[in-house]
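Novice: Before we start, here is the structure in question, set down as structure tokens.
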Amino acid sequence: MKKFLAEWKFPLILLLLILLFAVGIRLYNLNLIPVFVDEAIYIRWAQVMKAEPTLRFLPLSDGKQPLFMWLVIPFFFFFSNPLLAGRLVSVTAGAATLVGIFLLTYALFKSKKVAILAALIYAISPFSFFFDRMALVDSLLSSFGVWTLFFALVAARYLRLDFAMLSGFALGGGLLTKSIFYALLLPLTWPFAKFPKETGKKVIHLIKLAALFLVTVAIGWGFYNILRLGPNFQMIALRNQDYIFPISHLWTNPKDPLIPFLTRSFEWIWSMGPSLTLVLALIGLLNVRRY
Numbered sequence: 485m486k487k488f489l490a491e492w493k494f495p496l497i498l499l500l501l502i503l504l505f506a507v508g509i510r511l512y513n514l515n516l517i518p519v520f521v522d523e524a525i526y527i528r529w530a531q532v533m534k535a536e537p538t539l540r541f542l543p544l545s546d547g548k549q550p551l552f553m554w555l556v557i558p559f560f561f562f563f564s565n566p567l568l569a570g571r572l573v574s575v576t577a578g579a580a581t582l583v584g585i586f587l588l589t590y591a592l593f594k595s596k597k598v599a600i601l602a603a604l605i606y607a608i609s610p611f612s613f614f615f616d617r618m619a620l621v622d623s624l625l626s627s628f629g630v631w632t633l634f635f636a637l638v639a640a641r642y643l644r645l646d647f648a649m650l651s652g653f654a655l656g657g658g659l660l661t662k663s664i665f666y667a668l669l670l671p672l673t674w675p676f677a678k679f680p681k682e683t684g685k686k687v688i689h690l691i692k693l694a695a696l697f698l699v700t701v702a703i704g705w706g707f708y709n710i711l712r713l714g715p716n717f718q719m720i721a722l723r724n725q726d727y728i729f730p731i732s733h734l735w736t737n738p739k740d741p742l743i744p745f746l747t748r749s750f751e752w753i754w755s756m757g758p759s760l761t762l763v764l765a766l767i768g769l770l771n772v773r774r775y
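Sequential numbering from 485 applies to the sequence shown in this note's numbering.
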């Protein structure tokens, strides 16, 4: 314990200061931003769900998962302002994301300095700052994504069943928040696994990784199937189709909406801050062999 404190005392103090700073700037004038239409919808759903227990799956009527609204309900008991209650859920999720980024970065690079820098970048990023102050599902979804990846990375590197299960819990939380593709990214953690040198043992190691992957997905899918308890479960798949183009769109009209979206993407990347993050990523490629 003394060795751990001696090694981690300063990094943990820095992390705590960054966390307090991030939470502080997100809480400051939290109600200053005008209410967004989706915020109003989600908060109203949460109010109805709080008042009428039989409508706890109300968001399914519009093809939306209800976890964010479930988490907003307890905040109503402590805050009379419903907008503040909803936005505090996102602030809390943003704080969890920051801690997850710190742990994930350290797990990847084994560098406390890099982990602290990653947490600081998230804390001051205009993109994260904006969404962590809105009563939207995006901040909560990002938090589940970071923790899913972190637990999956540890599970793959050390063949840990417990961390594969924790990754499944985080994945399930994400699936209860919004339709996502995080499960498809889990095999990307396999290159970080410690494969043995012998060919035969490599195959066995790969089978174990696949088994852990199935455990994670099974738990996540089990969480997702909680939604079958409510009516209109089929609306999720129907609403997902509103944002999906058929494959034939590639040869019938490939420029729309690809070109407009790409143009606007560069505008948003510049205005919301990720432009600097991309520059730092390019600089990081210069030291890729080090890790």
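A virtual CB, placed ideally from N, CA and C, is assigned to each residue, including glycine. Source: prediction; values computed, not measured.
From the DSSP output, in three-state form, read off I608 for me.
Specialist: If DSSP states are grouped into helix, strand and coil, I608 belongs with the helices.
Novice: By a C-beta neighbour count over all protein chains shown, 10 Å radius and 16 as the cutoff for buried, is T683 buried or exposed?
Specialist: Exposed, because fewer than 16 other Cβ atoms sit within 10 Å of the Cβ of T683.
Novice: Taking T673 as the reference, which of P537, L582, A591 and D522 has the closest Cα?
Specialist: The residue with the shortest Cα to Cα distance from T673 is A591.
Novice: Where does G656 fall in DSSP's three states?
Specialist: Of the three classes helix, strand and coil, the one that applies to G656 here is helix, per DSSP.
Novice: Is there contact here, the segment 653–661 with the segment 544–554, by at least three beta-carbon pairs under 8 Å?
Specialist: Output reads yes: the segment 544–554 touches the segment 653–661.
Novice: Can the beta-carbon of R528 be found closer than 7 Å to that of V575?
Specialist: Contact flag unset, no.
Novice: Please give the ranges of any alpha helix (DSSP H) in the segment 656–691, keeping only runs that are unbroken, at least 4 residues long and fully inside the region.
Specialist: Entirely contained in the segment 656–691, the alpha helix (DSSP H) runs reaching 4 residues are, in chain order, 666–669.
Novice: Could you name each continuous alpha helix (DSSP H) segment of 4 residues or more that falls completely within the segment 541–623, going from the start of the chain to the end?
Specialist: DSSP runs (the alpha helix (DSSP H)) wholly in the segment 541–623: 551–560, 566–593, 596–608 and 610–615.
Novice: Start and end of the alpha helix (DSSP H) containing Q531?
Specialist: That run of the alpha helix (DSSP H) goes V521 to A535.
Novice: May I ask which residues mark the beginning and end of the alpha helix (DSSP H) holding Q718?
Specialist: Its alpha helix (DSSP H) spans residues Q718 to N724.
Novice: Can T632 and Y606 be called in contact, C-beta distance under 7 Å?
Specialist: No. Outside cutoff.
Novice: Using a threshold of 7 Å, state whether the C-beta atoms of A639 and L568 are closer than that.
Specialist: Not a contact, by the Cβ cut-off of 7 Å.
Novice: Looking only at its own chain, which residues have a Cβ that is under 7 Å from the Cβ of P741, when we skip the five neighbours before and after it?
Specialist: Closer than 7 Å at the Cβ level, and outside the excluded window around P741, lies no residue.
Novice: Rounded to whole angstroms, what's the CA-CA distance from K686 to F679? Just pull it up for me.
Specialist: Roughly 6 Å separates the two Cα atoms.
Novice: Under 8 Å by Cβ, that's how I've got G704 and V630 pegged, so tell me the actual separation to the nearest angstrom.
Specialist: Not really, about 15 Å apart at Cβ, beyond 8 Å.
Novice: Quick one: what does DSSP say K493 is sitting in, helix, strand or coil?
Specialist: It is helical.
Novice: Could you check what DSSP says for N709 in three-state terms: helix, strand or coil?
Specialist: It is helical.
Novice: Report the start-end ranges of each alpha helix (DSSP H) in the segment 725–775 that is 4 residues or longer and not cut off at the edges.
Specialist: As far as the segment 725–775 is concerned, its whole alpha helix (DSSP H) runs of at least 4 residues are 733–736, 742–755 and 758–769.
Novice: I want to know whether the segment 748–764 touches the segment 603–622 - three or more CB-CB distances under 8 Å.
Specialist: With a cut-off of 8 Å, the segment 603–622 and the segment 748–764 count as touching, because enough Cβ pairs lie within range.
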